[in-house]
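Below is one structure, written out as structure tokens; the observations come after it.
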Amino acid sequence: GENVEQHPSTLSVQEGDSAVIKCTYSDSASNYFPWYKQELGKGPQLIIDIRSNVGEKKDQRIAVTLNKTAKHFSLHITETQPEDSAVYFCAASKNNFNKFYFGSGTKLNVKP
Amino acid sequence: DSGVTQTPKHLITATGQRVTLRCSPRSGDLSVYWYQQSLDQGLQFLIQYYNGEERAKGNILERFSAQQFPDLHSELNLSSLELGDSALYFCASSVEGNSGNTIYFGEGSWLTVV
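Set out below in structure tokens:
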């Protein structure tokens, strides 16, 4: 089955700096890659997603890039703010069953 | 608020017992997913239903079962509970059940087995 690896497991940045989280996947058939933000005690919330026919997608301070050849995708957060502090999960899905495989999560800490 | 409703939010029960977790998907969503999140395992896919039918199965134990009812709400039944079943259980839903459909998570049900 699919294997999604996520790095780093923890990331600490100063407010205003950029943060980058990287994920790799193993199955070239995966074609949809969402990113979720999970705040303490809450459910994961979709923040951005990308499909395999697109190389990059941006939404304000958040961007995601996809390299299908290398089978990796990354989340970029610019001008980080303390409220960006949370755990971020990447995921990949394939086939007709919308079965998602999640990375192990990155705990982002933005220091004021 | 994602629109996915889960009850109960917290549950404490003893080993060997059985519990039922309930999920109401977003209005209009036909597919429901169950995930387990524990500290050392991340988000583990358990099972998916689409319009009342089981669609995909993940790492769901035989002691666990689920179903989706005609009104599209779903229940996850956990029986013969063990200490290791303590975790956060999430329900998610999507409009369809096919690849590329965004899934939206509920707030989760915290299960503590003592």
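So the protein lines, in turn, are chains D and U. Under our numbering, think of the first position of the first sequence as 12, with each following residue one higher. Under our numbering, think of the first position of the second sequence as 1201, with each following residue one higher. The beta carbon of each residue, even a glycine, is placed where N, CA and C say it ideally should be.
Y1289 (chain U) versus chain D: which residues are under 7 Å apart at the beta carbon? Along the second sequence, read from residue 1 onward, the residue named residue 1289 (chain U) stands at position 89. Chain D residues near Y1289 (chain U): none, gap ~11 Å exceeds 7 Å.
In whole angstroms, give me the CA-to-CA distance for T76 (chain D) and V65 (chain D). Looking up residue 76 (chain D) in the first sequence gives position 65. Looking up residue 65 (chain D) in the first sequence gives position 54. Each residue's Cα considered, the two are about 8 Å apart.
For Y1227 (chain U), go through chain D and note every residue whose CB falls closer than 8 Å to its CB, in chain order. As a first step, residue 1227 (chain U) must be located in the second sequence, where it is residue number 27. It is Ser, not Tyr, that sits at residue 1227 (chain U) in the sequence shown. Simply none; closest approach about 17 Å.
Once DSSP output is grouped into helix, strand and coil, what is the label at L1230 (chain U)? Locating residue 1230 (chain U) in the second sequence gives position 30, counting from the first residue. Coil.
Which term fits D95 (chain D), buried or exposed, when burial requires 16 or more other beta carbons within 10 angstroms of its beta carbon? Reading the first sequence from its first residue, position 84 is the one you call residue 95 (chain D). Classification of D95 (chain D): buried, given that the 10 Å Cβ count is 16 or more.
For K53 (chain D), return the contacting residues in chain U, with the cut-off set at a CB-CB distance below 7 Å. Here the question's residue 53 (chain D) lines up with position 42 in the first sequence. Near K53 (chain D) (Cβ distances below 7 Å), the residues of chain U are E1307.
Give the residues of chain D in contact with G1258 (chain U), contact being defined as C-beta atoms less than 8 Å apart. On the second sequence, residue 1258 (chain U) is found 58 positions in, with the first residue counted as 1. Near G1258 (chain U) (Cβ distances below 8 Å), the residues of chain D are K110.
Ignore the nearest five residues each way along the sequence and tell me which others in Q1237 (chain U)'s own chain have a CB closer than 8 Å to its CB. The count along the second sequence starts at 1 and reaches residue 1237 (chain U) at position 37. L1243, Q1244, A1287, L1288, Y1289, F1290, G1308.
Span separating the alpha-carbon of I1260 (chain U) from that of C1223 (chain U): Your numbering for residue 1260 (chain U) matches position 60 in the second sequence. Your numbering for residue 1223 (chain U) matches position 23 in the second sequence. Taking the straight line joining both Cα atoms gives about 17 Å.
Please classify P123 (chain D) as buried or exposed, where buried requires at least 16 other C-beta atoms within 10 Å of its C-beta. As a working note, residue 123 (chain D) is residue 112 in the first sequence. P123 (chain D) is exposed by the Cβ-count criterion.
From what residue to what residue does the beta strand (DSSP E) around V1204 (chain U) run? Taking the first residue of the second sequence as position 1, residue 1204 (chain U) is located at position 4. Unbroken run through V1204 (chain U): none, as it is neither H nor E.
Using a C-beta cutoff of 7 Å, does F113 (chain D) count as contacting chain U? Within the first sequence, the letter at position 102 stands for residue 113 (chain D). Closer than 7 Å to some Cβ of chain U, the Cβ of F113 (chain D) qualifies, so yes.
Apply the 10 Å Cβ neighbour rule to P93 (chain D) and answer buried if 16 or more other Cβ atoms are within range, or exposed otherwise. Locating residue 93 (chain D) in the first sequence gives position 82, counting from the first residue. Result: exposed.
Check the Cβ-Cβ distances between T1312 (chain U) and every residue of chain D, and say whether any is below 7 Å. Taking the second sequence and counting its residues from 1, the one referred to as residue 1312 (chain U) is at position 112. So no, T1312 (chain U) is outside the interface.
Buried or exposed by the 16-neighbour rule on C-beta atoms within 10 Å, applied to H105 (chain D): Numbered from its first residue, the first sequence carries residue 105 (chain D) at position 94. First, the amino acid is wrong: residue 105 (chain D) is Lys here, not His. K105 (chain D) comes out buried.
Can you look up L1288 (chain U) in the DSSP assignment and give me helix, strand or coil? Position 88 of the second sequence, counting from 1, holds the residue named residue 1288 (chain U). Looking at L1288 (chain U) - three-state DSSP - the assignment turns out to be strand.
Say whether chain A places a C-beta atom closer than 7 Å to the C-beta of L119 (chain D). Chain labels in this structure do not include chain A; the protein chains are D and U.
So, at 8 Å on beta carbons, what are the nonlocal neighbours of Q1301 (chain U) in its own chain, with the 5 sequence-adjacent residues on each side left out? Along the second sequence, read from residue 1 onward, the residue named residue 1301 (chain U) stands at position 101. Sequence inspection shows Asn at residue 1301 (chain U); the Gln mentioned does not correspond to that position. If we look at N1301 (chain U) and ignore the five residues flanking it on each side, its Cβ neighbours are S1231, S1294, V1295.
Residue-level contact to chain D via CB, L1283 (chain U), 7 Å cutoff: Start at 1 with the first residue of the second sequence, and residue 1283 (chain U) comes out as number 83. By this cut-off, L1283 (chain U) is not an interface position.
Quick one, which residues of the stretch 1237-1257 of chain U are near chain D if we go by CB-CB under 7 Å, in chain order? G1242, L1243, F1245, Q1248, R1255, A1256
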